[in-house]
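*Asks:* Numbering (full-length UniProt numbering), first residue to last: 1 to 399. The beta carbon of each residue, even a glycine, is placed where N, CA and C say it ideally should be. Have a look at this one.
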């Protein structure tokens, strides 16, 4: 259930629940009547602004957003996602239109769950939910419009798989967003390339997680047993109906890394996972794994651990040697520089990578560090001066 925001009365809270009951489920391209919402017919509805729980009655969605019926972005079981524009600002949006008559009431709790979780998540690595409109016949869910998803990027690549450099770049962003979720005791439970959205068509795009319909609130040492997620990306404990925790997401990350680098799934559904994991020749055939680094294979093996307690956490994964890469740090800093927002890398790493670049004879772009002349450069100079002073002090003491 969604708790009413303080200051909002019970009647408003009930209106809030009514409007979110039927929203945010995957939608189908068949059997959905959508003529009226992009015709001149006025659809009066309840409008809800998710960010501050502002509720307005008798709002015409067509007065706020323009919906483009020819721009179908996607579809699911209960409706279609169209491109649209916010009339006042000109901002592009994605509008999911859900037919309430086709919507099963047993899914209502899942919808409330997703909206409640998205309400609590404000992070650049998580898709932004703008607002919802509800009429007697349908629900309109307005979200930020993104370019595509990681699966499309993999399938459209020249070899049907992504190089290590791009995979590192995308996976690090997934992990940073996932760390934000896990800090809030939220487990996504359905991580897969289709739920990793891309903000642009760039070769190195910003990543945002979406589709929190299966997400659960699970404490650090807590376990859940409900059925969740997509089988190909699910950990053994879920498939065997055993208790699961946040390490479920880490198994899914391991599968995502494997799929991104190989273009195939790591396991056959009809064979025991334990047997497959122990068979390296089966898991990592020469094509394409012969040309892929042993470091990433080591990381995958530590993520695809059948025993949950042995499976890598988010922080341990981020500190793995495969993700401690100078070129990846440069790629991420370039993204942050374009976005004018720093949330993936941390200033504390600047000095380390500057030092690495100087020792390795590599270029260190000055615009990627803070300050007029790089705080990292000043920090390295101070570090070197301190080392020189310590060396001099040792020599004096020897005399």
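#1: CA-CA distance, residue 239 and residue 354?
#2: Given a cut-off of 9 Å on the beta-carbon distance, is the pair residue 119 and residue 87 in contact?
#3: For residue 11, which residues in the same chain have their Cβ closer than 7 Å to its Cβ, ignoring the five residues on either side in sequence?
#4: Can you tell me the Cβ-Cβ gap for residue 177 and residue 123, rounded? I've got them flagged as a contact below 8 Å.
#5: To the nearest angstrom, how far is the alpha carbon of residue 310 from that of residue 316?
#6: By Cβ distance, which residues of its chain are closer than 7 Å to residue 100, with the 5 residues on each side in sequence left out?
#7: How many whole angstroms separate the CB atoms of residue 164 and residue 292, which I take to be in contact at a CB cut-off of 8 Å?
#8: Near residue 128, what residues of its chain come up, given a Cβ to Cβ distance below 6 Å and the 5 sequence neighbours on each side ignored?
#9: Going straight from the alpha carbon of residue 73 to that of residue 95, what length do you get?
#10: Rounded to a whole number of angstroms, what is the C-alpha to C-alpha distance between residue 363 and residue 244?
#11: On the three-state DSSP scale, how would you describe residue 22?
#12: For a test of the three-state rule: what should DSSP assign to residue 58, helix, strand or coil?
#13: Quick check on residue 163: does DSSP put it in helix, strand or coil?
#14: Can you look up residue 277 in the DSSP assignment and give me helix, strand or coil?
#15: Any idea if residue 155 is buried or exposed, counting beta-carbon neighbours within 10 angstroms, 16 or more meaning buried?
#16: Quick one: residues in its chain with C-beta nearer than 7 Å to the C-beta of residue 300, no 5 flanking neighbours on either side, listed in chain order?
#17: Under a Cβ-count criterion, where at least 16 other Cβ atoms within 10 Å of its own Cβ denotes burial, should residue 172 be classed as buried or exposed?
#18: Answer with buried or exposed for residue 237, where buried requires no fewer than 16 other C-beta atoms within 10 angstroms of its C-beta.
#19: When DSSP builds the beta bridges, which residues end up paired with residue 148?
#20: Can you give the Cα-Cα distance for residue 352 and residue 174, rounded to whole angstroms?
#21: Roughly how many whole angstroms lie between the Cα atoms of residue 92 and residue 341?
#22: Taking contact to mean at least 3 C-beta pairs separated by less than 8 Å, is the stretch 261-271 in contact with the stretch 185-194?
#23: Taking only runs that begin and end inside the stretch 255-340, name each unbroken beta strand (DSSP E) of 3 or more residues, in chain order.
#24: Buried or exposed: which applies to residue 117, given that a residue is buried once 16 or more other Cβ atoms fall within 10 Å of its Cβ?
#25: Return helix, strand or coil for residue 133, following the three-state DSSP convention.
#26: Along the chain, which unbroken stretches of the beta strand (DSSP E) at least 3 residues long are found entirely within the stretch 72-103?
#27: Counting only the same chain and skipping the five closest in sequence on each side, list residues whose C-beta sits under 7 Å from that of residue 167.
#28: What is the residue span of the beta strand (DSSP E) that residue 209 lies within?
#29: Leaving out the 5 sequence neighbours to the left and right, which residues in its chain are closer than 7 Å to residue 273 when beta-carbon positions are compared?
#30: Using DSSP with H/G/I as helix, E/B as strand and the rest coil, what is residue 190?
*Replies:* The short version:
#1: 45 Å
#2: Taking 9 Å as the Cβ cut-off, residue 119 and residue 87 do not qualify as a contacting pair.
#3: Its pLDDT being 49, under 50, residue 11 is placed unreliably by the model, and the measurement read from it follows with that caveat. Contacts found: none.
#4: About 6 Å separates the two Cβ atoms, so the contact holds.
#5: About 11 Å.
#6: 22, 137, 138, 139
#7: 7 Å
#8: 144
#9: Computed Cα separation, rounded: 9 Å.
#10: 45 Å
#11: Confidence in residue 22 is poor, its pLDDT being 34 and thus under 50, which makes the residue's placement too unreliable to answer from.
#12: strand
#13: Residue state, collapsed to three classes: coil.
#14: Secondary structure of residue 277 (DSSP, three-state): helix.
#15: exposed
#16: 254, 257, 258
#17: It counts as buried.
#18: So residue 237 ends up on the buried side.
#19: 198
#20: 23 Å
#21: 21 Å
#22: no
#23: none
#24: buried
#25: strand
#26: 79-86, 92-99
#27: 257, 260, 261
#28: 207-209
#29: 236, 267, 306
#30: coil
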